[in-house]
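In what follows, a single structure is set out as structure tokens and then discussed.
Residue numbers (UniProt numbering): 1 to 298.
Now the structure itself:
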């Protein structure tokens, strides 16, 4: 095993009062000099210098909403998390949007208290995983995830070093899902800045924990219309607003299948993901035979 090297993507040289970018050093003491006390420092250790160089060349793979360009013609999912100090539980929330129409909302409280030490971050990590699972269920090949915690992107891509058990599990799960053939694009959105879809995800989290929100969604709807795919989604939003039913517009005609879509997704997506995992272990010809067989018996 070779001697470790340390790649510093972002740091600061306090001695010479200058920013440090894309630097490789050979000792931990030297690395510490440039990253200790630096807010947002990005660095990682490697056994091989080539891997360190690739890390610096690869970049963070994260965009900023309102600043960078990212795909608009695909599924967008906004994720968030919340934490209750009194109950010591965290909640997750996700809002899926396509062509500016909300097509899916999911939120819930985790029964797992082992991650309560990272508070709302645990919820946002869980929401990001569920966002990719939803995209796979809908057979999308690309999804843009909007998040306010940078670790959603940096832990998934391996840009940040994973030290906590939660970040290790998140990295493994996200990469397992991405290997199923979906491209995940990460976009940073500043929290509590009035972005309606981000605020909607935030307030659905708080609702699950009985935390009083600032009613940003309700205030936004006073002067705007929000388009949703079906009546089920509309009811999800009505539950966190006050007399704003006329401002939430169903973009498509509803029917029984649409009303039950959210329930069906929660029940079926795990099964579909398992089928996808099994198919990826087969070669193309065998995959075709399996799919033809399923078609014949269905």
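Ideal Cβ placement from N, Cα and C applies to all residues, glycine included.
Computed from a predicted structure; not experimentally measured.
Between the CA atoms of residue j and residue i - distance to the nearest angstrom
| i | j | result |
| --- | --- | --- |
| residue 155 | residue 245 | 39 Å |
| residue 179 | residue 167 | 18 Å |
| residue 83 | residue 162 | 22 Å |
| residue 122 | residue 88 | 12 Å |
| residue 189 | residue 95 | 14 Å |
| residue 254 | residue 230 | A caution first: residue 254 carries a pLDDT of 43, below 50, which makes its placement in the model unreliable, though a value can still be read off. Spanning the two alpha carbons is a distance of roughly 6 Å. |
| residue 73 | residue 100 | 10 Å |
| residue 250 | residue 68 | 30 Å |
| residue 93 | residue 11 | 33 Å |
| residue 147 | residue 3 | 36 Å |
| residue 176 | residue 227 | 33 Å |
Residue i and residue j closer than 7 Å at C-beta
| i | j | result |
| --- | --- | --- |
| residue 44 | residue 91 | no |
| residue 220 | residue 248 | no |
| residue 34 | residue 13 | yes |
| residue 185 | residue 78 | no |
| residue 209 | residue 135 | no |
| residue 129 | residue 64 | no |
| residue 145 | residue 236 | no |
| residue 62 | residue 153 | yes |
Nonlocal neighbours in the same chain, by C-beta distance under 6 Å from residue i, ignoring five residues either side
| i | result |
| --- | --- |
| residue 125 | 170 |
| residue 202 | 80 |
| residue 42 | 9 and 10 |
Which of helix, strand or coil DSSP assigns to residue i
| i | result |
| --- | --- |
| residue 245 | helix |
| residue 94 | strand |
| residue 14 | coil |
| residue 259 | For residue 259, the predicted structure reports a pLDDT of 45, less than 50, and the residue's modelled location is therefore unreliable. A value from the coordinates is still provided. Of the three classes helix, strand and coil, the one that applies to residue 259 here is helix, per DSSP. |
| residue 197 | helix |
| residue 3 | coil |
| residue 278 | helix |
| residue 22 | strand |
| residue 216 | helix |
| residue 221 | helix |
| residue 189 | coil |
| residue 36 | coil |
Contacts around residue i, its chain only, beta-carbon distance under 8 Å, and the 5 residues preceding and following it disregarded
| i | result |
| --- | --- |
| residue 218 | 240, 241, 242 and 244 |
| residue 49 | 5 and 24 |
| residue 182 | 132, 135, 136, 140, 141, 142 and 143 |
| residue 238 | 244, 245 and 248 |
| residue 27 | 6 |
Own chain, CB closer than 7 Å to residue i, minus 5 neighbours either side, in chain order
| i | result |
| --- | --- |
| residue 149 | 121 and 124 |
Complete runs of the alpha helix (DSSP H) confined to the stretch 111–156 [at least 4 residues]
120–137
At which residue ranges does the stretch 45–109 contain complete beta strand (DSSP E) runs of 3 or more residues, listed in the order of the chain?
62–64, 75–84, 89–98 and 101–109
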